[in-house]
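Numbered according to the working numbering, the sequence shown terminates at residue 908, and the numbering increases by one at each position without gaps. This report concerns only the one structure given below.
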Amino acid sequence: MILLGLEAEQFRNIVSARLEPSPGLNVLCGNNGQGKTNLLEAVWLLTGGKSFRGAKDADLIRRGESFSVLEARTGDSERQKSLRLTIGSAKSGRPGRYIRVNGADRGRAGMAAGEFTAVVFAPEHLGLAKGSPAGRRRFLDAALCQLYPGYLGALRRYTRLVAQKNALLKAWQKTPGAADMLEVFDEQLAGCGAQVTRRRAEYLSVLVPLAEQNYAEISRGSETMRLCYRPAFDPALGEDGLRQAIRAMRPAELRAGCCLAGPHREDFSIQIAGQDARAFASQGQQRSAVLSLKLAEAACAAVITGEHPVLLLDDVLSELDATRQEYLLTHVEGRQAFVTACDPAAFLHTDGRVYTMRGGEVSLRQQ
Numbered sequence: 542m543i544l545l546g547l548e549a550e551q552f553r554n555i556v557s558a559r560l561e562p563s564p565g566l567n568v569l570c571g572n573n574g575q576g577k578t579n580l581l582e583a584v585w586l587l588t589g590g591k592s593f594r595g596a597k598d599a600d601l602i603r604r605g606e607s608f609s610v611l612e613a614r615t616g617d618s619e620r621q622k623s624l625r626l627t628i629g630s631a632k633s634g635r636p637g638r639y640i641r642v643n644g645a646d647r648g649r650a651g652m653a654a655g656e657f658t659a660v661v662f663a664p665e666h667l668g669l670a671k672g673s674p675a676g677r678r679r680f681l682d683a684a685l686c687q688l689y690p691g692y693l694g695a696l697r698r699y700t701r702l703v704a705q706k707n708a709l710l711k712a713w714q715k716t717p718g719a720a721d722m723l724e725v726f727d728e729q730l731a732g733c734g735a736q737v738t739r740r741r742a743e744y745l746s747v748l749v750p751l752a753e754q755n756y757a758e759i760s761r762g763s764e765t766m767r768l769c770y771r772p773a774f775d776p777a778l779g780e781d782g783l784r785q786a787i788r789a790m791r792p793a794e795l796r797a798g799c800c801l802a803g804p805h806r807e808d809f810s811i812q813i814a815g816q817d818a819r820a821f822a823s824q825g826q827q828r829s830a831v832l833s834l835k836l837a838e839a840a841c842a843a844v845i846t847g848e849h850p851v852l853l854l855d856d857v858l859s860e861l862d863a864t865r866q867e868y869l870l871t872h873v874e875g876r877q878a879f880v881t882a883c884d885p886a887a888f889l890h891t892d893g894r895v896y897t898m899r900g901g902e903v904s905l906r907q908q
């Protein structure tokens, strides 16, 4: 799967931009604040996911405007698809993000998940190894939402139920019929929560060996990385397993005033050379671990969908040493990739297409 063309209007600092990228390497160069990451973010939003920068709708619309539009062509010369994403504000009369696929209205952007797949690697992801469990859950969920359209719905239902149950647990002593209501919530949580954990377990069964092999190659066999999923219950037990785990935590939940069992508490551990990466990994080991995970994420998408996702690499080369840069660029070959960089010198002698970003405008650099 590749991006054949992109047009962005009134998106962040971009008034109007048109891009017809190479099917291989595309380099977006320019000084900081010119719009390089904004263009990568525009491509990522076509996946139906949230902004990888955590931006709200108002942040994505150019100041003074009421909406922005992203239009794209994906596929190849024989089979193409058109995507049109509209990001509106309250002033536009239709706040939110809406998408059309081949002219047909799909509603909210998330409903088009899977129509276009991409993997993004940004500097903030370098904290994945030592960061909080929430960051690692987001890593899994962002990948799964693209690969399995039903996953996003199950995750949203589960998240909404957790919030509702938390509100009840905080006021259960003052709420008539609270015990019966908790039973209803727990039954619903077991249903959609089991779907979330099952998908995570299936995905990790593919991702883990790929990521561990990547790390072995990056370290040239001198170190090993091991990933271990820590589900809230045995995924093989399905709904019954989660139901039992929730019931076992009921006394503790009543004392704590919040949900303590379920997919929202899961994590996967990263061990490097037999030690917990969160406590002992050096910066170099952390970067190798995250690079291994991100490249494995791309490989997983290719295995599951039969097509390579588009790679979006936001200013990560400056954060990697020469060995890791070489490894990353070697694995980008043969795939469509977008790389941002302040200095294009490293790419001038590649087969990549180099663009310059200045003040939200993009132009092809003459080599």
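Cβ coordinates follow ideal geometry from the N, Cα and C atoms, glycine included. From a predicted model like this one, the values you see are computed outputs, not experimental measurements.
Inter-residue Cα distance where the pair is residue i and residue j
| i | j | result |
| --- | --- | --- |
| PHE726 | ALA704 | 11 Å |
| GLY616 | LEU544 | 7 Å |
| SER746 | ALA843 | 15 Å |
| THR891 | MET542 | 22 Å |
| ILE759 | LEU581 | 26 Å |
| GLY672 | LEU861 | 18 Å |
| GLN816 | ARG828 | 16 Å |
| LEU586 | LEU751 | 26 Å |
| GLY644 | THR627 | 13 Å |
| ARG899 | THR881 | 13 Å |
| GLY605 | GLY655 | 32 Å |
| LEU696 | LEU852 | 25 Å |
| GLY648 | ALA735 | 27 Å |
| VAL661 | ASP721 | 44 Å |
| ARG806 | PRO674 | 8 Å |
| ARG638 | ALA631 | 12 Å |
| PRO792 | LEU710 | 11 Å |
| ALA558 | ARG906 | 15 Å |
| ARG796 | HIS849 | 48 Å |
| GLU620 | LEU693 | Position check: residue 620 holds Arg in this sequence, whereas Glu was assumed. Answer to the nearest angstrom: the Cα atoms are 26 Å apart. |
| ALA712 | ALA837 | 44 Å |
DSSP-derived helix/strand/coil call for residue i
| i | result |
| --- | --- |
| GLN714 | helix |
| SER917 | Because the chain here runs from 542 to 908, residue 917 falls outside it and cannot be looked at. |
| LYS622 | strand |
| SER557 | strand |
| THR919 | Residue coverage of the chain in this structure runs from 542 to 908, which leaves residue 919 outside it and unanswerable. |
| ASN567 | strand |
| MET542 | coil |
| TYR639 | strand |
| GLY629 | strand |
| CYS686 | helix |
Nearest candidate by alpha-carbon position, reference residue i, set the options
| i | options | result |
| --- | --- | --- |
| VAL749 | ASN573, PHE608 and ALA840 | ALA840 |
| GLU902 | ASN579, GLU780, ASN755 and LEU853 | ASN579 |
| SER623 | VAL642, ARG739, ARG638 and ALA631 | VAL642 |
| SER563 | GLY893, ALA653 and THR897 | GLY893 |
| PRO636 | LEU669, PRO664, ALA659 and ALA599 | ALA599 |
| LEU669 | ALA793, LEU832 and LYS711 | LEU832 |
| VAL895 | ARG739, GLU548, TYR868 and LEU566 | LEU566 |
| PHE879 | GLU550, LEU560 and VAL556 | LEU560 |
Contact with chain B by residue i, beta-carbon distance below 8 Å
| i | result |
| --- | --- |
| CYS841 | Looking at the structure shown, chain B is missing, and only one protein chain is on hand. |
Counted within 10 angstroms of its Cβ, other Cβ atoms place residue i as buried (16 or more) or exposed
| i | result |
| --- | --- |
| GLN687 | buried |
| VAL584 | buried |
| THR765 | exposed |
| PHE809 | buried |
| LEU702 | buried |
| LYS715 | exposed |
| ALA549 | buried |
| ALA786 | buried |
Contact belief for residue i with residue j at Cβ below 8 Å, rounded distance in angstroms
| i | j | result |
| --- | --- | --- |
| PRO804 | TYR699 | 6 Å |
| ARG761 | LEU685 | Their Cβ separation, rounded to whole angstroms, is 32 Å, which puts ARG761 and LEU685 out of contact at 8 Å. |
| PRO664 | ASP781 | About 42 Å; that fails the 8 Å criterion. |
beta-carbon residue i near the ligand ZN non-hydrogen atom, thresh 7 Å
| i | result |
| --- | --- |
| ASP617 | Because no ligand of any kind appears in the structure shown, any question about the ligand ZN cannot be addressed here. |
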